[in-house]
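All the letters of the sequence shown, read from the start, carry residue numbers 7 to 145 under my numbering. Reading through the structure tokens given below for one structure.
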Amino acid sequence: TFTLCGTPQYLAPEIVISQGHGFAADWWAFGILLYEMTTGFPPFDDANAMGIYKQIMSNRLVYPVTVKGRAKALIAKLLVTQPHKRLGGGKSGAQEVMEDSFFEEYNSKSCSAKSTWHRGPLSSHLRARGWCLRTAALP
Numbered sequence: 007t008f009t010l011c012g013t014p015q016y017l018a019p020e021i022v023i024s025q026g027h028g029f030a031a032d033w034w035a036f037g038i039l040l041y042e043m044t045t046g047f048p049p050f051d052d053a054n055a056m057g058i059y060k061q062i063m064s065n066r067l068v069y070p071v072t073v074k075g076r077a078k079a080l081i082a083k084l085l086v087t088q089p090h091k092r093l094g095g096g097k098s099g100a101q102e103v104m105e106d107s108f109f110e111e112y113n114s115k116s117c118s119a120k121s122t123w124h125r126g127p128l129s130s131h132l133r134a135r136g137w138c139l140r141t142a143a144l145p
């Protein structure tokens, strides 16, 4: 599609340049989300949208020293400028992402069966709404 819709910080390069996009743009946004979850801030930010778009197109990522290992590797594979080279951008799509080493402790079958739950202050609230939380720490 060619629709421009979304939060500027999360837009994939192919959306920014109106190239048309598919599911690979969603995997880019997932990479941005993981970056923000591990650092507390988005990788591309500016006072105005055009500044953000320029940063996205330059794709110069700076990782704080706290982002390392499998989390950093996954983010790097998701934030590849060319959609066909981006993790999840190939024919196997989501399967390709789920097979990444970042998710090796994640058990999708137990999550679907709702048998793996994080025990925390929000767990009963989230469980009631169908959320499945990962029980292991981020790699």
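Beta carbons: idealized from backbone N, C-alpha and C, even for Gly. Only a predicted model underlies this, so the values are computations on that prediction, with no experimental measurement involved.
* Output the distance between the C-alpha atoms of alanine 30 and valine 22, rounded to the nearest integer angstrom. => 14 Å
* Buried or exposed: which applies to glutamate 110, given that a residue is buried once 16 or more other Cβ atoms fall within 10 Å of its Cβ? -> exposed
* Report yes if the CB atom of leucine 84 is closer than 9 Å to the CB atom of arginine 76, and no otherwise. => no
* Secondary structure of aspartate 106, DSSP reduced to three states -> coil
* Asked: In three-state terms, what does DSSP make of isoleucine 38?
  -> helix
* Between which two residues does the alpha helix (DSSP H) carrying alanine 53 extend? -> Taken as a continuous stretch (DSSP letters only), alanine 53 belongs to no alpha helix (DSSP H), as it is neither H nor E.
* To do: Check the C-beta distance from glycine 94 over to glutamate 105 and give it rounded, since I have them as a contact under 8 Å.
  => That pair is no contact at about 10 Å.
* Asked: Under the three-state reduction of DSSP, which class applies to isoleucine 146: helix, strand or coil?
  -> Lying before the first or after the last residue shown, residue 146 is absent from the chain, which here runs from 7 to 145.
* Asked: From this set, Leu40, Thr87, Lys97 and Met56, which residue's C-alpha is nearest lysine 74's C-alpha?
  -> Leu40
* Note down, in chain order, each residue of its chain lying with its Cβ closer than 6 Å to the Cβ of asparagine 65, except the 5 sequence neighbours on either side. => Thr87
* Asked: Which residue from Val68, Glu20, Gly37 and Thr45 puts its Cα closest to that of phenylalanine 108?
  -> Gly37
* **Closest residue to alanine 35 among Thr45, Ala79, Pro14 and Gly46 (Cα-Cα distance)** => Pro14
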